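Just so you know, the sequence shown maps onto residues 3 to 562 in our numbering. Encoded as structure tokens, the structure appears first; notes follow it.
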Amino acid sequence: MGVIAGGLPAARDLPRGLRAGLAVGSGLLSAAAFPPWDLGPLAFLALVPLFLALEGTGPGQAAWLGTAGGLSFYLATIWWVINTMTTYGRMPLVLSLVVLLLLCGVLAGYTAAFAWLLAAGQRWLRLPREVLPLVAAGLWTALEYLRSYLLSGFPWALLGTSQYRQPTIRLLASAVGVYGISALLILVNAALAGLLAWTLRPRDEAGRWREVLVPLGLAAVSLLASVGYGRLVWQDPTGGPPIRVALLQGNIDQSLKWDRGYQAATLDIYERLARGAAAEKPALIVWPETAVPFFLRRDAELSPRLRRLAAEAGIPMLVGSPDLGDDGFLYNAVFLLGSDGQIRGRYDKRHLVPFGEYVPLKGIFFFLDKLVVGIGDFGRGRSATVFSLDGARFSVMICYEVIFPGEVRQFVREGAQVLVNITNDAWFGRSGAPYQHLAMAAMRAVENGIYLVRAANTGVTALITPTGAILAETGIFTEAALVGSVRARQGVLCGTLAMPFDASDRVTEGQRDKGIEEERSAVRAFGRSIVPVRRERPNHRTPEPPNALHSVTLSLGPRI
């Protein structure tokens, strides 16, 4: 065994138990970079222990270490699915733990594949140590991309998302996406691990300085370039007059949400919030996902009341509602009500939640319908709707859809200038999940250089700028309404890079221009004014190919 002068073993000679501990430690440190802990800068160091653990291992051992690191990360990050399964799916606790372990095991397979490929490259391809950090960054990024698409995709907690609170780093996403930030983090971690491993080697085996200096130099240059891009290069692609938007958060208890006897009370809460928001004269009022727990197109009692509310306020409303299609399927939909109360457009959720809104591979998982209460069998939307708000176009992502970078980017490429995310995160309970969801929404805003507003039933409702700055946000499990201003994105989207229309506006950390600061004050003031309380699908439409564009235009009156 190689031992350095201080008595520590060389990294390649670490005991198996210590290697496993380092891998698990990396997973836990990485989880701490995400909400609810939000220690974003820790992500630049969190994977150093894993890289040290992989030093000198073969592919098989490396895969096991990758599995250990991945399991610890996902167990610490998505443990909240237990609450969803036991509380709302009425799944027995033991079975929910088994499902959690299986889910985390599948996701940890990506970390295992990363470790195996890296070790295989060293052993069989004899990759020079100088290039290993670059190879590691490329492998990690490729596997994250694969995770975003394979088997419906699950890009939850991509490593780069941990930087959503770091202004100068997150802006890099406008050029290279969240995957590019992940690559930067891996490059820095691998370079630092290489330096530490080099210092642990016996002096007669230390090797060439170049093995350490080249990766460190690449990491330093990449990091400086990223910071420089955010401070010196990035330009605000939005313009035009501000558009005021109101976002409602009714805080409806999930256990009561679908109780027929509570439907009128739910509408009472949202009507009060909407009327209060209408006094601020927004151009649009946004309700959360399935905010109305009845079929908006079909209900004969409550639907007329909702339409009358929009007409009396004289303000268009974007309302989440389930819909029963003529094909017999339920759809998770959002309807645009005009200022006259009539339905002017709709969007049906396209990317459904597996085992939540549909059961994939029913031939294999046929038993789940009997074991779990609440698994839906929803129809899949066919078109990417782009609405028009007095010339400013916007699109809606329902819940889980906002976590997919490619799908959100499609809306912007098709012409959306403002993004709206409606969601019901009550399923997550009091956990870090609502904030993790918010973090991913913030990264979508940066990637596309666009304002993103989100209305969540139980929070977090928020208004996010094109820089990823969260201008205003609510707490979770509180009743609230936010009113703020957005601006339409100008120019075109070329790849991931946000191409500016007006090059005169350079980024600042918090959108410090006077108008935005006034909006901040307005949002806070309106938030205090809320008094807390105790709380048709068309007859037939020609099938459209997936991802087809469907445009709905509606004049929403003057913008303030």
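Glycine included, every Cβ here is placed at the ideal spot set by N, Cα and C. Since we're looking at a predicted model, the values are computed, not measured.
Practice problem: Spell out a yes or no on whether the stretch 172–183 and the stretch 121–133 are touching, meaning 3 or more CB-CB pairs, one atom from each, closer than 8 Å. | Solution: no
Quiz item: Measuring CA to CA, which of Ile271, Asp301, Ala483, Gly252 is closest to Asp427?
Solution: That would be Gly252, whose Cα lies nearest to the Cα of Asp427.
Practice problem: Quick one: give me the first and last residue of the beta strand (DSSP E) that Phe396 is part of. | Solution: 394–400
Quiz prompt | Endpoints, alpha helix (DSSP H) assigned at Val178 | solution = 175–202
Exercise. Please report the residue range of the alpha helix (DSSP H) in which Ile452 lies.
Key: No alpha helix (DSSP H) contains Ile452, which DSSP labels as neither H nor E.
Quiz item: When burial is assigned at 16 or more other CB atoms within 10 Å of the CB, is Pro407 buried or exposed?
Solution: buried
Exercise. Note down, in chain order, each residue of its chain lying with its Cβ closer than 7 Å to the Cβ of Val404, except the 5 sequence neighbours on either side.
Key: Val410, Asn423, Met442, Ala443, Arg446
Quiz prompt | Extent of the continuous beta strand (DSSP E) run through Tyr151 | solution = Element bounds for Tyr151: n/a, residue is neither H nor E.
Exercise. Taking 9 Å as the cut-off, decide whether the C-beta atoms of Ala195 and Trp142 are in contact.
Key: no
Self-check item: Under 9 Å between C-beta atoms of Ala312 and Leu339
Solution: A Cβ-Cβ contact shorter than 9 Å links Ala312 with Leu339.
Quiz item: Taking Asp392 as the reference, which of Pro17, Gln419, Ser385 has the closest Cα?
Solution: Gln419
Quiz item: How is Asn253 classed by DSSP in three states: helix, strand or coil?
Solution: For Asn253, the three-state secondary structure derived from DSSP is coil.
Practice problem: Quick one: using the 10 Å Cβ neighbour count with 16 as the cut-off for buried, is Leu104 buried or exposed? | Solution: exposed
Quiz item: How would you label Pro306, buried or exposed, when you count the other beta carbons within 10 angstroms and need 16 or more for buried?
Solution: exposed
Quiz item: Which runs of the alpha helix (DSSP H), 4 residues or longer, sit entirely within the stretch 90–177?
Solution: Counting whole runs of 4 or more residues, the stretch 90–177 contains the alpha helix (DSSP H) stretches 95–126, 134–149, 169–172.
Quiz prompt | Contact the stretch 240–254 vs the stretch 479–488: 3+ CB pairs below 8 Å | solution = They touch, by the three-pair rule.
Quiz item: Of the choices Ala35, Ser390, Leu20, Phe396, whose alpha-carbon is the least far from that of Arg167?
Solution: It is Ala35.
Quiz item: What residue range is occupied by the uninterrupted beta strand (DSSP E) comprising Arg348?
Solution: 345–350
Quiz prompt | Ile271, enclosing alpha helix (DSSP H) - first and last residue | solution = For Ile271, the enclosing alpha helix (DSSP H) has its first and last residue at 265–280.
Self-check item: Backbone secondary structure at Val355 - three-state DSSP
Solution: Coil at Val355, not helix or strand.
Practice problem: Kindly list the residues whose CB is nearer than 6 Å to the CB of Arg348, restricted to its own chain and excluding five residues on each side of it in sequence; keep chain order. | Solution: Ala335, Phe337
Quiz item: Does the separation of the CB atoms of Ala78 and Leu52 fall below 9 Å?
Solution: no
Quiz item: Closest to Glu584 by CA distance: which of Gly470, Gly123, Thr89 is it?
Solution: With the chain represented from 3 up to 562, any question about residue 584 goes unanswered, as that position is not in the structure.
Self-check item: Host alpha helix (DSSP H) of Glu475 (start-end)
Solution: First-last for Glu475: 472–475, but that is the beta strand (DSSP E), not the alpha helix (DSSP H).
Quiz item: Which whole-angstrom value describes the C-beta separation of Arg384 and Thr425, a residue pair presumed to lie in contact below a C-beta threshold of 8 Å?
Solution: The Cβ separation is near 21 Å, so there is no contact.
Quiz item: Straight-line CA distance for Val229 to Leu187?
Solution: 13 Å
Quiz prompt | Span of the beta strand (DSSP E) around Leu391 | solution = Per DSSP, Leu391 belongs to the beta strand (DSSP E) from 385–391.
Quiz item: Should the stretch 283–290 be called in touch with the stretch 248–267, which here means at least 3 C-beta pairs below 8 Å?
Solution: yes
Quiz item: In angstroms, rounded to a whole number, what distance separates the CA positions of Ala192 and Pro135?
Solution: Going from the Cα of Ala192 to the Cα of Pro135 covers about 5 Å.
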